[in-house]
Amino acid sequence: MGVLSKATSFLRTSHDSLLALREQTRDLVAFLQDNYYRESLRRPPYDDPRHLAPYGYKIFSESDEDGIINEIFRRIGVEDRTFFEFGVGNGGQNNTVNLLVQGWRGFWIEGSPDNMRVISTRLAAYIRAGELKALQAFITRDDINQLISRLGVPESLDLLSIDIDGNDYWVWEAMERISPRVVVIEYNATLRPPHSVVMEYKDDYVWDGTSYFGASLVALEKLGRAKGYSLVGCNFTGVNAFFVRNDLLGDFFLTPLTAEKHYEPAKYFRLRAGHRSGIGPYVRI
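Each residue of the sequence shown is one higher than the one before, starting from 21 at the first, in my numbering.
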């Protein structure tokens, strides 16, 4: 074998070895992260049965929101099995797809025309069946109530989910036409308690990928209280906060119902777990 052939063989072997090492390292990191997650949930405060985080799991949600939403409704019950979510992406990964698959009906608003085209194809069966009504619109605090009326969202519904990567606080504050039993809203986990701050409102705001977005958990707690809701928990990754209407609280949730008690720091590595979400028509048996 000539010198060039030997060198080529050596480089190929080295390249293959590096790829194998990278894959092994990735698997090890995933194992350590998953172990950290599971071990954390065995310790206080998560070992309290009223804490929501241990009930989290992912089916179609970005992280563990699917499980927490199901657990909340297991505790307080459901009424109309109706949801309203805005900021739904392309319909493959959000907080209400799992409910749709379970037989709920609902309403979506999404600002991106490209995402709406995907939704129209991917969820065509649900739209044709009248189980999902989707509207393409860019939401502002001045037009949210008009859009709700245009879409036909009922005043009484089980779940509202808000995830528009910026003006979430301001839009929820402006909402008047509906009274959901449960509200899920994204918070900015970099703004730890006792910070009570919100990004400045801007009609045409589009998230730039930085940590400047949304509102602190304390600010959302205050807004929820003013609207008749209490903070009952956050998901383990530190992305979403969960609120329940005060008349439904009972003794179901870990107290005190404050940001100081329920704040979760950002643990975004958990968002990378699982297969890429896929949604299609399911046959209900």
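Cβ atoms here follow ideal geometry from the backbone N, Cα and C, with glycine treated the same way. Because the structure is a prediction, the values reported are computed rather than measured.
Round the Cβ separation of residue i and residue j to the nearest angstrom and send it over; I've been treating them as touching at under 8 angstroms.
i, j, result
"F256", "E280", "Not really, about 17 angstroms apart at Cβ, beyond 8 angstroms."
"A194", "R161", "4 angstroms"
"P200", "D178", "7 angstroms"
"N187", "Y225", "6 angstroms"
"V204", "Y249", "Between Y249 and V204 the Cβ distance is about 11 angstroms, and since that is not below 8 angstroms, they are no contact."
"S181", "F103", "7 angstroms"
Considering just the uninterrupted stretch of the alpha helix (DSSP H) at residue i, what are its terminal residues?
i, result
"W192", "188-194"
"S140", "133-142"
"E284", "Unbroken run through E284: none, as it is neither H nor E."
"I168", "164-171"
"V117", "117-121"
Can you tell me which residues form a DSSP beta bridge with residue i?
i, result
"W128", "E105, A154"
"P200", "L177"
"E206", "N260"
"I182", "F106, I205"
"R265", "Y249"
Inset, instruction - Assess, as a yes-or-no matter, whether the segment 94-103 is touched by the segment 261-274 under the definition of 3 or more beta carbon pairs within less than 8 angstroms. - result: yes
Inset, instruction - Specify whether the segment 206-213 and the segment 171-180 touch according to this definition: at least 3 beta carbon pairs, one from each stretch, less than 8 angstroms apart. - result: no
Legend entry - Every unbroken beta strand (DSSP E) within the segment 214-255, with a cutoff of 3 residues, ordered by chain: 249-254
Inset, instruction - Check whether the segment 112-129 touches the segment 72-81, counting contact only when three or more Cβ pairs, one atom from each stretch, lie closer than 8 angstroms. - result: yes
Legend entry - Unbroken stretches of the alpha helix (DSSP H), 4 residues or longer, contained in the segment 39-90: none
Inset, instruction - Would you be able to state if there are at least three C-beta pairs under 8 angstroms between the segment 120-131 and the segment 145-153? - result: yes
Inset, instruction - Assess, as a yes-or-no matter, whether the segment 213-227 is touched by the segment 248-255 under the definition of 3 or more beta carbon pairs within less than 8 angstroms. - result: no
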